[in-house]
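Straight run, no breaks: the sequence shown in the working numbering ends on number 147.
I have placed the structure first, in the form of structure tokens, so that the comments after it can refer back to it.
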Amino acid sequence: MAFGWSSPNSTSELMLGADVAVTGFKEDGLPFVNDFYITKYSECTLYKDGEVKGVCPDTRYEGPGQNSEVNNTKLVYGQRRDAVSFIRYQRPLISDDKKYDLPVNHTQKMTVIWALGPIRPPDLLQPHYLPQNHGDQGLWFLGIWC
Numbered sequence: 002m003a004f005g006w007s008s009p010n011s012t013s014e015l016m017l018g019a020d021v022a023v024t025g026f027k028e029d030g031l032p033f034v035n036d037f038y039i040t041k042y043s044e045c046t047l048y049k050d051g052e053v054k055g056v057c058p059d060t061r062y063e064g065p066g067q068n069s070e071v072n073n074t075k076l077v078y079g080q081r082r083d084a085v086s087f088i089r090y091q092r093p094l095i096s097d098d099k100k101y102d103l104p105v106n107h108t109q110k111m112t113v114i115w116a117l118g119p120i121r122p123p124d125l126l127q128p129h130y131l132p133q134n135h136g137d138q139g140l141w142f143l144g145i146w147c
């Protein structure tokens, strides 16, 4: 599952430029969370010129050996029980990563986006994320607007 924030500048293409956390369970059953940035409605693709586009981990945009601090999500808890998945993670409301993360402003209306779909293991030869279902919802913090 992917959950995150739409760019405040987006009006119709809410997922482009979005900052999401992608969570799930690996083949060995262990939970994971990773920080993603969306530049195109497609699988994460590395082009011959070195450009990366699609639904990709923040670290993928920086290239191998670059700043690994762009993934600022932290897994807190995860388990599967009775065919239900529970995942809890943390990330800062205002990140040091100004390039791929959107600041969360608790005093303004923000649009939450989500997507569900299969995910493949991170591998430079395979795409990462194939969303099946997705949506958005406006949200005011502190119960002002929901």
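Idealized CB from N, CA, C, for every residue including glycine.
Query	Result
Would you say the stretch 110 to 117 touches the stretch 9 to 18, given that touching needs at least three Cβ pairs under 8 Å?	yes
Buried or exposed: where does V34 fall if 16 or more other Cβ atoms within 10 Å of its Cβ makes it buried?	buried
Need the endpoints of the alpha helix (DSSP H) that Y1 sits in, please.	Residue 1 lies beyond the stretch modelled for the chain, which goes from 2 to 147, so this question has no answer here.
Ends of the alpha helix (DSSP H) at D29?	Where D29 is concerned, there is no enclosing alpha helix (DSSP H), given that its DSSP letter is neither H nor E.
What number of angstroms, rounded off, separates the C-alpha of L76 from the C-alpha of I95?	18 Å
What's the call for V23, buried or exposed, on a 16-neighbour Cβ count within 10 Å?	buried
With DSSP collapsed to three states, give me the class of S90.	Rather than Ser, the amino acid found at residue 90 in this sequence is Tyr. Reduced to three states, the DSSP call for Y90 is strand.
Under a Cβ-count criterion, where at least 16 other Cβ atoms within 10 Å of its own Cβ denotes burial, should G30 be classed as buried or exposed?	exposed
Going along the chain, which residues of its own chain have a beta-carbon closer than 6 Å to the beta-carbon of I88, five neighbours each way excluded?	T24, P32, G79
Which residue marks the beginning of the beta strand (DSSP E) containing Y78, and which one marks its end?	75 to 82
Using three-state DSSP, classify S11 as helix, strand or coil.	coil
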